[in-house]
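Shown next, in structure tokens, is the structure this report addresses.
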Amino acid sequence: MNQKPDFIIIGAMKCATSTLHEQLALQSGIFMSELK
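All residue numbers for the sequence shown refer to the numbering used here, where the first residue is 30 and numbers rise by one.
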């Protein structure tokens, strides 16, 4: 399957993108890449 992402999150250092990545990864309906 070759799907394009619905959205991409871009953030600067120290702006809570790691926390956002972790919280979104907990949701069953959201696929997260291994790399962030």
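Quick reminder that beta carbons are idealized off the backbone N, C-alpha and C, glycines included. On a predicted model such as this, the values are computed, not experimentally measured, just so you know.
Which residue marks the beginning of the alpha helix (DSSP H) containing residue i, and which one marks its end?
i     : result
LEU64 : Note, LEU64: premise wrong, no alpha helix (DSSP H); not H, not E.
ALA54 : 46-54
Would you check if the distance between the CB atom of residue i and the CB atom of residue j is smaller than 8 Å?
i     : j     : result
GLY40 : THR46 : yes
HIS50 : MET42 : no
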